[in-house]
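Undergrad:
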Amino acid sequence: MSDLDFLDGFDSDIDWGFTTTDSKPSETKDTEAVAKSAANEVAKVTDGSLKALESKLDKIYSAVNSAKSEIQEKNQTELDVAKRQMDDEYDLRKDNLGKEQKEKFTQLEKLVIPLMLKLAKAPENYIYWPNRKSVIESQLKKIVAITRGK
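Residues in the sequence shown are numbered from -16 upward in steps of one, following our numbering.
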């Protein structure tokens, strides 16, 4: 064994817990029965555990779906309430703006129509209008105050 000379000094008598054989050990009916019995026991335990896990998962799934439905219903309710509030505010604002505009147009009519009527009364092509600059400026200021809020 000159090839194994490098092993000199190593402990080769250690018990590793196995022995070598020339052939595969034969399986006996007892060994097969024990293996089948163990496999059946493992299958029963595994099957029972799986059923318990499936049951728990089904409960979790149901709880999640229930919570999801409740959340969706709550969100829809809140959305409906917010929409109604916005519609009410819009209608109120629209009504107020309509009233404000009507009041402003009425005020403008009161400023402009009397001038037009007075101008229409005179049959002459030329109108005598002393101090017209100050009168027109005064009316313009009133009109701007109405239209621009100044």
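C-beta atoms are modelled at their ideal positions from N, C-alpha and C, and glycine is treated no differently.
Starting from the Cα of residue 94, find the closest Cα among 106, 54, 119 and 63 and give me that residue.
TA: Nearest of 106, 54, 119 and 63 to residue 94, Cα basis: 119.
Undergrad: Three-state secondary structure (DSSP) at residue 107?
TA: coil
Undergrad: Helix or strand or just coil, what does DSSP make of residue 2?
TA: coil
Undergrad: Flag this pair as yes or no: are the beta carbons of residue 90 and residue 54 separated by less than 7 Å?
TA: No, they are not a contact pair.
Undergrad: Alpha carbon to alpha carbon, how far is residue 44 from residue 50?
TA: 10 Å
Undergrad: Who are the Cβ neighbours of residue 126 in its own chain at under 7 Å, not counting the five residues just before and after it?
TA: 91 and 94
Undergrad: Secondary structure at residue 48, three-state DSSP: helix, strand or coil?
TA: helix
Undergrad: Quick check on residue 29: does DSSP put it in helix, strand or coil?
TA: helix
Undergrad: For residue -7, which of helix, strand or coil comes out of DSSP?
TA: coil
Undergrad: Measure the alpha-carbon distance for residue 47 versus residue 31 and round it to whole angstroms.
TA: 24 Å
Undergrad: Specify the secondary structure class of residue 97 as computed by DSSP and reduced to three states.
TA: helix
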